[in-house]
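Engineer: Please read through the structure below; I'll follow up with questions.
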Amino acid sequence: GDSVTQMEGPVTLSEEAFLTINCTYTATGYPSLFWYVQYPGEGLQLLLKATKADDKGSNKGFEATYRKETTSFHLEKGSVQVSDSAVYFCALPPNAGGTSYGKLTFGQGTILTVHP
Amino acid sequence: KAGVTQTPRYLIKTRGQQVTLSCSPISGHRSVSWYQQTPGQGLQFLFEYFSETQRNKGNFPGRFSGRQFSNSRSEMNVSTLELGDSALYLCASSREGAGTYGYTFGSGTRLTVV
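Taken in order, these protein sequences are the chains called A and B.
Going by the numbering used here, the first sequence opens with residue 1, and the numbers climb by one from there.
Going by the numbering used here, the second sequence opens with residue 1, and the numbers climb by one from there.
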């Protein structure tokens, strides 16, 4: 079945440092891929997405490129801020044409803490 | 446009009681999914509703149930609450509940069972 593996956390960085959070997936075909972010005390917000191979999703300075050859969708940001401190989830949507309606497959989440 | 609205935001219940949580999806979205989030288990899928029909269900006991109304609003119910039911309950709305369409989450209901 579908699965998502994220790098182990937590990740602690100083402000303006470079961020990479690794995400690899196992799925049938070439699904869309999502990154969600959860700020303390909040629900999940869609950060960015890519709908096909070689697509680059970007938002708020974050980027991720859909690499089908390595089945990866790593999240990067060139210069993190304290306000980026949150939990980040890589996710697969339900397989189009399948029966896993409404069920996103999430990675385990990576806690990011950014210090001033 | 309005986002996904979950009510209430916080609940404290006693073991053995039951609870009902509500989710109003984005206008035009007919699919509503529910998730339980705990520190130990992460995000676990509960069930999905589309046009008032449950199409998918996760691996939870029968104490967890849900329904969807004709306006796409959804409720989930947990009966005979246990301490382990303490969690953040999230709902997500989507246009179709499959494929590439985005999933928008609400802010969640924090349930504490004492």
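Even for Gly, the Cβ is constructed at its ideal location relative to N, Cα and C.
From a predicted model like this one, the values you see are computed outputs, not experimental measurements.
What's the call for B/E48, buried or exposed, on a 16-neighbour Cβ count within 10 Å?
Structural biologist: Label assigned to B/E48: buried.
Engineer: Which class does B/L11 belong to by DSSP, given the choice of helix, strand or coil?
Structural biologist: strand
Engineer: With a cut-off of 8 angstroms on the beta carbons, I'd call A/A27 and A/A50 a contact; round off their distance for me.
Structural biologist: That pair is no contact at about 13 angstroms.
Engineer: Out of A/W35, A/E69, A/H74, point me to the one whose CA is closest to B/T104's CA.
Structural biologist: For B/T104, the nearest C-alpha among the options comes from A/W35.
Engineer: How big is the Cα-Cα spacing for B/S116 and A/G43?
Structural biologist: Nothing about residue 116 of chain B can be reported from this structure: the residues present for chain B run from 1 to 114 only.
Engineer: Can you tell me whether A/F89 is buried or exposed? The criterion is at least 16 other CB atoms within 10 Å of its CB, across all chains shown.
Structural biologist: Buried.
Engineer: Check whether the stretch 71-78 of chain B and the stretch 11-19 of chain B are in contact - that is, three or more C-beta pairs closer than 8 angstroms.
Structural biologist: yes
Engineer: Could you spell out where the beta strand (DSSP E) holding A/T149 opens and where it closes?
Structural biologist: Residue numbering for chain A in the displayed model covers 1 to 116; residue 149 of chain A lies beyond these limits and cannot be assessed.
Engineer: Rank B/T109, B/R55, B/P25 by C-alpha distance to the C-alpha of B/P8 and give the top, closest one.
Structural biologist: Cα-wise, what sits closest to B/P8 is B/T109.
Engineer: Can you name the residues of chain B whose CB is closer than 8 angstroms to the CB of A/L48?
Structural biologist: Those within 8 angstroms of A/L48 in chain B number zero; the least Cβ separation is about 11 angstroms.
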